[in-house]
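**Student:** Mind looking over this structure? Questions follow.
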Amino acid sequence: MASFSFSSLCFTIFLIYYSSLSLSAESRVLRIAPISSFVNETLFNAIFLHKDDNACPARNFYTYESFIEATSSFPAFGSTGCLATRKREVAAFLAQISHETTGGWATAPDGPYAWGLCFKEEVSPQSDYCDSSNKEWPCYPGKSYKGRGPIQLSWNYNYGPAGKALGFDGLKNPETVSNNSVIAFKTALWFWMTEQKPKPSCHNVMVGKYVPTASDRAANRTLGFGFVTNIINGGLECGIPDDASVNDRIGYFKRYANLFNVDTGPNLDCAYQKSF
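Structure, rendered in structure tokens:
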């Protein structure tokens, strides 16, 4: 009961703040995408210090405007729960997409965790990522479903439903994800917000809406950032103590949580979790 009252109070305060905004240009943006109330362009650029460097193949592609426009299509993102929960979710999302697109290295300027959103396409893919056994989302001849966009969307069974949800032909025109920055961000948000059973959505995990099942508990999948890593790439990274990729994701999350002035919460890694 106490938790419910606290959440209700927090939501009420947000509504009061929201309704008190004037109809300035900035407040009109807030009404379209409330996330911009705590992620302004200055903070976005501080997070992604080097995304537009000449060394980054995706330079000038991932803009703040595209990010904000994309979030407006997913109103629950960054607006669920109290302010700390909202900030933590956004920091977690940005950390995960930063790892997927990182251009950083151990001795990089400003540290390895200042180089997110450096790439928009997978470099040297090992295959065309076509699962020919998937008849619901059949591959289009000659097309590659390699990693593209902030979350590095991969495989025909992801491109197909993502395209259907977002209004483009993901199977016939997968290149759209690396040619349109708004759609690129939308594919990452679609993946983040969409439940793909038996996996929950990353969103529900980070905002505390997901209740772990008996199978989750048996697999030691406890709520936190590590669970999200398990959802995204657990088959390759989880159940491995001190995995370099997992540590990289955590490094980004810690840096961003600090910039958002919010704690990271528990269970950052998935070293002792079984994958789905």
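Numbered per the numbering used here, the sequence shown finishes at 291, counting up by one with no gaps. Each residue gets a CB set at the ideal place from its N, CA and C atoms; glycine is no exception. Keep in mind it's a predicted model, so treat the numbers as computed, not measured.
Taking Cβ to Cβ, would you say V138 is nearer than 9 Å to I50?
**Tutor:** Taking 9 Å as the Cβ cut-off, V138 and I50 do not qualify as a contacting pair.
**Student:** Taking 9 Å as the threshold (C-beta atoms), are G93 and I112 in contact?
**Tutor:** No, they are not a contact pair.
**Student:** If the criterion is Cβ atoms closer than 9 Å, does the pair L274 and L98 meet it?
**Tutor:** Going by C-beta atoms, L274 is not nearer than 9 Å to L98.
**Student:** Taking the alpha helix (DSSP H) that L58 falls in, what are its first and last residues?
**Tutor:** Counting along the chain, the alpha helix (DSSP H) containing L58 begins and ends at E56 to I62.
**Student:** Could you tell me whether the Cβ atoms of A129 and F268 are closer together than 9 Å?
**Tutor:** The answer is no: Cβ separation not under 9 Å.
**Student:** Can you tell me whether DSSP reads Q211 as helix, strand or coil?
**Tutor:** Three-state result, Q211: strand.
**Student:** Does the region 273 to 289 come into contact with the region 243 to 261, if we say contact requires no fewer than three beta-carbon pairs (one atom in each stretch) closer than 8 Å?
**Tutor:** Yes, the region 273 to 289 touches the region 243 to 261.
**Student:** Excluding five sequence neighbours on each side, which residues of the same chain lie with their C-beta closer than 6 Å to the C-beta of A180?
**Tutor:** Cβ within range, chain order: W205.
**Student:** Under 8 Å by Cβ, that's how I've got R264 and H114 pegged, so tell me the actual separation to the nearest angstrom.
**Tutor:** With a Cβ gap of about 4 Å, R264 and H114 count as contacting.
**Student:** Rounded to the nearest angstrom, how far is the Cβ of E136 from that of G162, given a contact under 8 Å?
**Tutor:** Yes, E136 and G162 are in contact; Cβ-Cβ is about 7 Å, under 8 Å.
**Student:** According to the Cβ coordinates, are I198 and G223 closer than 9 Å?
**Tutor:** No; because the gap between Cβ atoms is not below 9 Å, this pair is not in contact.
**Student:** With a threshold of 6 Å on Cβ separation, who are the neighbours of G178 within its own chain once the five nearest residues in sequence on each side are excluded?
**Tutor:** Contacts found: D184 and G185.
**Student:** Tell me where the alpha helix (DSSP H) around G249 begins and ends.
**Tutor:** Residues F240 to E252.
**Student:** Report the residue ranges of all alpha helix (DSSP H) runs contained in full by the region 92 to 177; include only those spanning at least 4 residues, in chain order.
**Tutor:** 98 to 115, all fully within the region 92 to 177.
**Student:** What's the gap between the Cα of V243 and the Cα of C217?
**Tutor:** Going from the Cα of V243 to the Cα of C217 covers about 5 Å.
**Student:** Report, in whole angstroms, the separation of the C-beta atoms of G250 and L283, which I expect to be a contact under 8 Å.
**Tutor:** So it is not a contact: roughly 19 Å between Cβ atoms.
**Student:** Decide if P156 is buried, meaning its Cβ has at least 16 other Cβ atoms within 10 Å, or exposed.
**Tutor:** Answer is exposed; the Cβ neighbour count stays below 16.
**Student:** Give me the residue from F134, Y271, I83 and V261 with the minimum Cα distance to D67.
**Tutor:** Measuring from the Cα of D67, the nearest candidate turns out to be F134.
**Student:** DSSP on T191, reduced to helix/strand/coil?
**Tutor:** T191 falls in the helix class under three-state DSSP.
**Student:** Please list, in chain order, all residues of the same chain as A203 whose beta carbon is under 7 Å from its beta carbon, the five residues on each side excluded.
**Tutor:** Within the same chain, A203 has close Cβ partners I112, G164, P165 and I166.
**Student:** Below 8 Å on the Cβ atoms is my contact criterion, and I expect E56 with Y77 to pass it. Report the Cβ-Cβ distance as a whole number of Å.
**Tutor:** E56 to Y77, Cβ: 13 Å. No contact.
**Student:** Quick one: Cα of D278 to Cα of R103, how far?
**Tutor:** Whole-angstrom Cα-Cα distance: 7 Å.
**Student:** Taking the alpha-carbon positions, what's the F200 to S81 distance?
**Tutor:** Going from the Cα of F200 to the Cα of S81 covers about 7 Å.
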